[in-house]
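Peer 1: Residue numbers (the working numbering), protein chains in the order written: chain Y, 286 to 416; chain S, 5 to 342. Note that CB positions come from ideal geometry on N, CA and C, so glycine has one too.
1. Let me confirm a value: residue 305(Y) is counted as buried when at least 16 other C-beta atoms fall within 10 Å, else exposed. Which label applies?
2. Return helix, strand or coil for residue 81(S), following the three-state DSSP convention.
3. Pair every Cβ in the stretch 228-241 of chain S with every Cβ in the stretch 331-348 of chain Y, then say whether three or more of these pairs are closer than 8 angstroms.
4. Within the chosen definition, does the stretch 395-409 of chain Y reach the stretch 212-229 of chain S through at least 3 CB pairs nearer than 8 angstroms?
5. At a Cβ threshold of 8 angstroms, is residue 379(Y) touching chain S?
6. Whole angstroms are fine: how far does the CA of residue 272(S) sit from the CA of residue 368(Y)?
7. What separation, rounded to the nearest whole angstrom, lies between the Cα atoms of residue 226(S) and residue 248(S)?
8. Count the other C-beta atoms from every protein chain shown that fall within 10 angstroms of the C-beta of residue 312(Y), then say buried if there are 16 or more, exposed otherwise.
9. Would residue 238(S) pass as an interface residue toward chain Y - the criterion being a Cβ-Cβ separation below 8 angstroms?
10. Any Cβ of chain S within less than 8 angstroms of the Cβ of residue 411(Y)?
11. Give, in chain order, every residue of the stretch 383-411 of chain Y whose Cβ lies closer than 7 angstroms to some Cβ of chain S.
12. Can you tell me which of the three DSSP states residue 108(S) falls into?
13. With DSSP as the reference, label residue 401(Y) as helix, strand or coil.
14. Within its chain, find whatever has a CB closer than 7 angstroms to the CB of residue 13(S); leave out the 5 residues flanking it on each side and keep chain order.
15. Relative to the C-alpha of residue 221(S), which residue among 341(Y), 403(Y), 328(Y) is closest?
16. Measure the beta-carbon distance from residue 134(S) to residue 404(Y) and round it to whole angstroms, keeping in mind my assumption that it falls under 8 angstroms.
17. Got a sec: is the Cβ-Cβ distance from residue 369(Y) to anything in chain S below 8 angstroms?
18. Given residue 39(S), which residues of its chain have a CB within under 6 angstroms of its CB, disregarding the five upstream and five downstream residues?
19. Taking contact to mean 3 or more Cβ pairs, one atom from each stretch, closer than 8 angstroms, check whether the stretch 371-389 of chain Y and the stretch 316-331 of chain Y are in contact.
20. Comparing C-alpha positions only, which one of 109(S), 43(S), 5(S) sits nearest to residue 23(S)?
21. Restricting to runs no shorter than 4 residues, where is the alpha helix (DSSP H) found entirely within the stretch 227-298 of chain S?
22. Kindly say whether residue 321(Y), judged by its beta-carbon, lies nearer than 8 angstroms to any beta-carbon of chain S.
23. Closer than 7 angstroms by C-beta to residue 397(Y): which residues in its own chain qualify, once you throw out the five before and the five after it? Chain order, please.
24. Which bits of chain S does residue 372(Y) rub up against, with CB to CB less than 7 angstroms?
25. Secondary structure at residue 358(Y), three-state DSSP: helix, strand or coil?
26. Should residue 390(Y) go down as buried or exposed, given a rule of 16 or more other Cβ atoms within 10 Å for buried?
27. Who are the near neighbours of residue 338(Y) in its chain, counting only those whose CB is closer than 7 angstroms to its CB and skipping five residues on each side?
28. Taking all protein chains shown into account, decide if residue 172(S) is buried (16 or more other Cβ within 10 angstroms of its Cβ) or exposed.
29. Measure the Cβ-Cβ separation of residue 229(S) and residue 321(Y) and say whether it is below 8 angstroms.
30. Would you kindly work out how many angstroms separate the C-alpha atoms of residue 129(S) and residue 123(S), rounded to a whole number?
31. What residues in the stretch 309-340 of chain Y have a beta carbon less than 7 angstroms from any beta carbon of chain S?
32. Between residue 228(S) and chain Y, is the shortest Cβ-Cβ distance under 8 angstroms, so that the two count as touching?
33. In chain S, which residues lie with their C-beta within 7 angstroms of the C-beta of residue 366(Y)?
34. State yes or no: is the beta carbon of residue 301(Y) nearer than 8 angstroms to at least one beta carbon in chain S?
35. Verify the CB distance criterion: does residue 347(Y) have a CB-CB separation below 8 angstroms to chain S?
36. With residue 7(S) as the anchor, note down where its alpha helix (DSSP H) starts and where it stops.
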């Protein structure tokens, strides 16, 4: 998964610490790095947003690709428990590690298909598990 | 041992030869016969000894074999140990590497909390279909029947019955008891109005045609912390260590401080004005007093003169009054100028 040529390995920076009531993290615009990265990684679950990022050529930037690789710490504990949109967000994070997908998501057709299929799956997985 | 036995045999043979020899000469010697018996006894003793010897040899052989077996076993064990040690040394690095993947123990309560947190983003609310035809696969569990039962049964009645909607709905109710109860209710009370519930359905269900996403919508992303961050960057503010709330609080504090300072300055000014006014009034009173004293002195002189002309004394206060008011007027004017 992470062996494609564009991947630059793990970022030098460590994941932000898990928030505590007493922690004094530096704030960026009033939010900690933990909060900003959590919001970003969940926003990636939205195919429209990823399509927007692709259209702004972010997904072609090696530094951004390295950042996507770095964001995979959200798939592991103890960070995993803070994600409230786990289904789409984690899958998208996984897909975004693949170079082919980073190119393909530029297509509006794929974006639309991802949204409609996602909506359908959101209803059907539950019914399947019941029947 | 062999030599000893050979010697015994030889002795027996010799004794026997001497005996036979003596017998052939027809002079049997008793001594020769005793010699044979003695030699034979020694031979038997030797043979017994040989037996013991042979047994010992066998035992020695057996022990040797055992020793060899134990030696082999020891060697094998040692080589196995060595192999194992080598393997352990080779395995050691891989044993340390998975130390990163720590186990994160969690309680049932935490798991349930997480399930509750994510459920609103993973499970659509009852009635939200996202355009999926729910009638194709009827739900089977009673839990789900309560939630989607009515819509599923209505969809079946419309799709399957076509024109004769009412007949279909009434004659072939859904298999579940709950379903039949729900679907028959409206159709029996409102005769010939099977379509009505279908018309009413969107009105009754606020979630009709409401989409359900398993990801944050664009609007939500636009109103999030990242958008605020971008906004700060657009305004040319470095977001690092910049907290809008903190900034707002600071501005408010500054505003409050400024107001306080203004208020203090105003009070001081008023105080000063008041003091000046009092000073002026005091001076005015003193002047007035001095004037009155002067007048009294003049009055005394007048009174002394008024004996001759009483009309002049009555007119004196009338003359002083305008003077007094004139003075006050002037004072007021001064104040206005201030």
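Peer 2: To lay it out plainly:
1. exposed
2. helix
3. no
4. yes
5. no
6. 59 angstroms
7. 17 angstroms
8. buried
9. no
10. yes
11. 403, 404, 405, 407, 408, 409, 411
12. coil
13. helix
14. 47
15. 328(Y)
16. 4 angstroms
17. yes
18. 19
19. yes
20. 43(S)
21. 229-238
22. yes
23. none
24. 126, 218
25. helix
26. buried
27. 344
28. Summary for residue 172(S): the model assigns pLDDT 38, below 50, so the residue's position carries little reliability; its value from the coordinates is reported in the next sentence. Under this definition residue 172(S) is a buried residue.
29. yes
30. 10 angstroms
31. 311, 312, 313, 314, 315, 316, 320, 321, 324, 325, 327, 328, 330, 331, 333, 334
32. yes
33. 118
34. no
35. no
36. 6-28
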